[in-house]
Each structure stands twice: as structure tokens, then as C-alpha cells.
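In the working numbering, the protein residues as written are 27 to 625.
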């Protein structure tokens, strides 16, 4: 039975883990509105007579603004790296729960603070939790989701991020006119609710079977797989899936005895670990360099400076676009693939950002029609990002790393995202603001983002293969035997022939022995063929040679894949056993002919 016939309903359970994106998106978006609230500025800032640039009569310096926004990313950078140890030590499931607890401590500090230093420390600690979530959640989803919905399930994580951003924008808009501390404390403290929901839900989800097998907990892994597949632990589907994971992990361990961070950058490795890790890190970096968080961090301020009156409402509108544009991406990632959508998205964003830059430079702020054009193309740009680079970057990094180093590689990719998030969040006010020491680029900053999106096109073409429809173990085979530019043919073959990791491992390690032993057999070394070790149509069939006295078998001799012999043997006819499973009649061209079900 092909694994694609397995029950599908249970496999969607891990979709709930995407709720972790709410914490990520909400915490990222909440500061956009909070730092513009009058009571927050009165509490944490200082009075100013410059009512033109600071209509509330209070302000914080450019340095303070950069620190408040970007310090979260500093915490998330460290959190993403420590997420590897948390996910490997506690497991993917309980690692997410632990991250929620850390996050809640940071939220409590921000809610209670009335001085900027404590508020900033709270942002750092909350960032530690968000960073760990950004490492563990996509990894958990990728390891627990079957190949036909993996892209959609992991994309849901990005969708949850956009929902979090929208919720932050709506709640900020609802409390901004309050004249007491509740104006900013309500939006911040609501984050306790998101953390509590995620913790309660994770308690009822299974642990990652791949992590359990990695830890040698095979029985627990079978039970977890059974829950995900909607069947009993003794079911043949569970056995086949577990064996694939186990074979792939064993091959990785033979190739790389350690699973340290240094292993992630090991040059010349058989499965191209260094290239895969660097590609994942670069993909997350380029996602940030599209400039998307400029809108979600500083959109309210940017629209104010562009002469748009109701900047809070426009910020809500951009978040609505972000949420609903992500939905086509969740559908398209499994319909059109990762690579194609990344290329389309980069081209679309590049065009839109150059148009926004040109409009911002040439159209005066008093021209209301011109400002509508600017807003429209900002929204189209967000739509391109939300349907492509937003979700798909997380999908790709969740599936391209080998299991042996997946947690560490995933942490490096997530840390790369947060490092560039921090850099952009800290540098952008200096690029956009007016005054001494600032570049005062305003809308011209979109020339920078447009240029980086052009680089995204080149990077995707040369570094990101298409992985749609492949299991995580098949993706290992794809990277081992092809390049991103030339991988399409091999990918289709892996899908059409339903190649399994166990099959590939046997074929890679035994093919040379087959030719040698077959030559020895010509001299009369063998007199019989034993039963196949695996009789499952569509998998690799292995026949063992047995000495004439029935003693210890030699290494596997004959390999037949989907009824096609891979060595100097010929399939002469087919038959089915009592269960309807296809078998082969084979013949050794210089020796004997015997069915696989005979002794």
C-alpha cells in the first residue's frame, strides 16, 4: 500500500501548533502602535515643544525608538539558538510549552513596568520565548505532517503570524485614545491569553515521532505515528513509516558521527549539510531583507510622515491584506510548489517596491490621489509577500535539513531571521527619520527593498530546489544527488516511483557488493535464494543468498525495485500472493530460477 492512501484527518492535528505564530506576530506588531500612544510616550518619554513632528507633545529619541523595537529581535536571536537545545532535550512538544512560560515572564515585566529599562528587559525575555517558538514550531509541524499537506500545515504558522499582527493592530486601535496606562497595558497583557491557549493545546498533541526515534524511544514513536496516521500502532503503515525514519537517521549518523553546530557547516559531506544549512540561513535573511517588517514596525509613523491622516486605520488595513493574502499561499504551496512561488513573489515585490519609491519621491504629500496610489502598491507588495515569501520561507527551512542536525540547523535559520530582523528594526529609524544623524530617506527607502528583492530572485533560482510532494527523507535523497537548478527530473522520479529512505540506503551501501557477489556466484558459490526481506509493492525488494547447507546468509545479493532488476538479473514474470501484494519471479541468468515466496 502506498503511504499516500493513509487516513488524512488525523494528520491535520499538528495544525494547532501554528498558534505559536500568534505569539510571534502579536508581539512583533504590538509595539508599532504602542510606541505612538500618548500615555506610553508620557510614561516612558519626555516632553517636547516640537508639535509638528510629535503631535502628542511627548517623544522618545531615535536611539530609544530603535532600541525598544529592535531589542525584541535581540532576545529572539538568542532564543532561536537556544531553541535547538530545548527542542532536543525536552522534545518538540514540551519545548514549545517551556518557551511559552519564558514568554509569559517577559510579558509580565512589560505590563508592570513604568520605566523604560524594565520595559526593555521584558521585551528581551519575551523575545527569548518567541525565538524558541520560531525554531521549534515549524520543526514540529514538518516532522509530524505528511508530505501531501506539510507545506499547508507549516504555512499556517505564517498565517498565524499575520493574524497576530492584525490582532495587535486592531487592539492598539481600540485602546489608543485611553488617557491612562490601560491604553498600552491592555494590548500587552492580552499576550497571556495567547500563551495559555498554546500550552493547553500542546498538552493534547503527540510528540514528534522523529524526535522519539532519534532518542531511541521506538515504542513511543510508534504510538505517536499511530495517532498522526489515525490507526493502531501495529498497523503496517506505522511500521513502514518508522523504518523509513530510522533508516534515514542511521545513514546520517554513519556519515556524520556528531550532531554539533560544527557538523552543520561540514564541507564536502555526502548529503551537502553545509549547503543546506547556509541556504536555509540565507533564505530567512532574504525574507527579512524584502523590507516587510518596515511596514509592520514603522508603518504607522511612515504613513503619518507621508501625509496620510488616519495612519492607525491604514495600518489595520495593511494587516488585513497580510492575513487574507496568506491564504492563497497556503493553497498554492502544495499546488504550484515552493520554488515557483518564491520566484513569482520576489518579482512582484521588486516591481511594487520600486513603484512605491518612485511615487513617494515624485508625488507631494498634499496630493491625496497620489497618496492612495502609494497605499495601493504597499498593499499589493504586502499581498505578494504574504502569499509567497511569508509562509514559504518557513516551509522550506522546516523540511530541508537532515534529522540528525535538524534542531540545530533550524535554530541557525531562525536566528538568521531574527538577526536581520534586529538589524533592520534598529537601522530603519536612522534611514527614514529626519534630523541630525539621520538619512531622512522616507519613501526612498523602498529603493533599497526593491534592490534586495531582485537579489532574492537570483538566490532562489540557484539555491532553492522544488520539494513539493516529497517526504523529508526523500528531500535528503534529492539534495544528495542533484542541484537546485537540475533537481526537477530526480524529484519527479522520487514521486513517481515512491522511493523510500530504507530502499535508498540499502541500494547505496550494497550496490557494489551485489556486483562482486554475483561474479562469485558464477563460480558455484551459491545454490539457493531465500525469501525477500521486504514484500511491499513499490519498495525495494532484497533477496538474500544462502549457502547450500542453510547456514549464515551472505550480504544482500539481488535488488529489485518496482519489479525492475537493478543488476545482471532479469524479471521474467509477476505473481500475487494471497493478500494481493505484487511479487516477482526472477532468474539468475547463469544459475537458477525461483519465486520469492519459495524457500
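Every residue gets a Cβ at the ideal spot worked out from N, C-alpha and C, and that includes glycine. The structure presented is a predicted model; accordingly, all values stated were derived computationally and were not measured.
Worksheet item: Out of curiosity, what's the CA-to-CA distance linking residue 300 and residue 425?
Response: 15 Å
Worksheet item: Using 8 Å as the Cβ pair cut-off and three pairs as the minimum, do the segment 455-469 and the segment 130-150 touch?
Response: no
Worksheet item: How about residue 366: is its C-beta nearer than 8 Å to some C-beta of chain C?
Response: The structure shown contains no chain C; it holds only a single protein chain.
Worksheet item: If you scan the segment 295-337 from start to end, which runs of the alpha helix (DSSP H) of 4 or more residues do you find wholly inside it?
Response: 299-315, 318-331
Worksheet item: So what does residue 85 bridge to, in DSSP terms?
Response: DSSP output for residue 85 lists 72 as bridge partner(s).
Discussion item. Quick check on DSSP: helix, strand or coil for residue 436?
Written reply: Residue 436: helix per DSSP, three-state reduction.
Worksheet item: Would you call the CB atoms of residue 40 and residue 171 closer than 8 Å?
Response: yes
Worksheet item: Among 236, 286, 287, which one has its Cα closest to the Cα of residue 273?
Response: 236
Fill in: Boundaries of the alpha helix (DSSP H) in which residue 486 is found, first to last residue
471-489
Practice prompt. State yes or no: is the C-beta of residue 228 within less than 8 Å of the C-beta of residue 122?
Written response: yes
Practice prompt. Could you tell me how far apart the beta carbons of residue 169 and residue 118 are, in whole angstroms, since I believe they sit closer than 8 Å?
Written response: Contact flag correct, Cβ pair sits at about 7 Å.
Worksheet item: Under 8 Å, do residue 238 and residue 247 count as touching if we go by C-beta distance?
Response: Cβ atoms of residue 238 and residue 247: closer than 8 Å.
Discussion item. Below 8 Å, how does it come out for the segment 451-467 and the segment 358-371: are there three or more Cβ pairs, yes or no?
Written reply: no
Worksheet entry | residue 439 beta carbon less than 8 Å from that of residue 458 | no
Practice prompt. Put residue 466 into one of helix, strand or coil per three-state DSSP.
Written response: coil
Discussion item. Rounded to the nearest angstrom, what separates residue 88 and residue 472 at their Cα positions?
Written reply: The alpha-carbon atoms of residue 88 and residue 472 are separated by roughly 20 Å.
Discussion item. Measuring only the C-alpha atoms, how far is residue 435 from residue 362?
Written reply: 26 Å
Discussion item. In this structure, how does DSSP classify residue 205 when only helix, strand and coil are distinguished?
Written reply: coil
Discussion item. For a quick check, are the C-beta atoms of residue 486 and residue 365 less than 8 Å apart?
Written reply: Yes, Cβ-Cβ distance for residue 486 and residue 365 is below 8 Å.
Discussion item. What residue range does the alpha helix (DSSP H) around residue 412 cover?
Written reply: 394-413
Worksheet item: Candidates 103, 110, 45: which alpha carbon is nearest residue 311's?
Response: 103
Practice prompt. Indicate whether residue 86 and residue 116 have their beta-carbon atoms separated by less than 8 Å.
Written response: no
Worksheet item: Given residue 492, which residues of its chain have a CB within under 7 Å of its CB, disregarding the five upstream and five downstream residues?
Response: 363, 364, 365, 513, 514, 517
Worksheet entry | Bounding residues of the alpha helix (DSSP H) (the contiguous stretch that carries residue 378) | Where residue 378 is concerned, the enclosing alpha helix (DSSP H) stretches over 364-388.
Worksheet entry | Three-pair Cβ contact test at 8 Å for the segment 193-213 versus the segment 51-64 | yes
Worksheet item: So, do the segment 125-132 and the segment 153-168 have three or more beta carbon pairs nearer to each other than 8 Å?
Response: yes
Item to complete: Less than 8 Å between the CB atoms is what I'm expecting for residue 177 and residue 421, so what's the real figure, rounded?
Response: 5 Å
Discussion item. Which same chain residues end up closer than 8 Å to residue 329 when comparing Cβ atoms and leaving out the 5 residues on each side of it in sequence?
Written reply: 337, 340, 341, 401
Item to complete: Kindly indicate which three-state DSSP category residue 230 falls into: helix, strand or coil?
Response: coil
Discussion item. If the criterion is Cβ atoms closer than 8 Å, does the pair residue 510 and residue 479 meet it?
Written reply: no
Fill in: Option nearest residue 376 by Cα separation, candidates 433, 524, 315, 387
315
Discussion item. Between which residues of its own chain and residue 500 is the CB-CB distance below 7 Å, once the five residues before and five after are set aside?
Written reply: 520, 525
Worksheet entry | Sufficient close CB pairs (3 or more, under 8 Å) joining the segment 377-389 to the segment 442-458 | no
Fill in: Residues near residue 389 by beta carbon distance below 8 Å, same chain, minus five either side
396, 397, 399, 400
Practice prompt. Consult DSSP for residue 216 and reduce its assignment to one of helix, strand or coil.
Written response: coil
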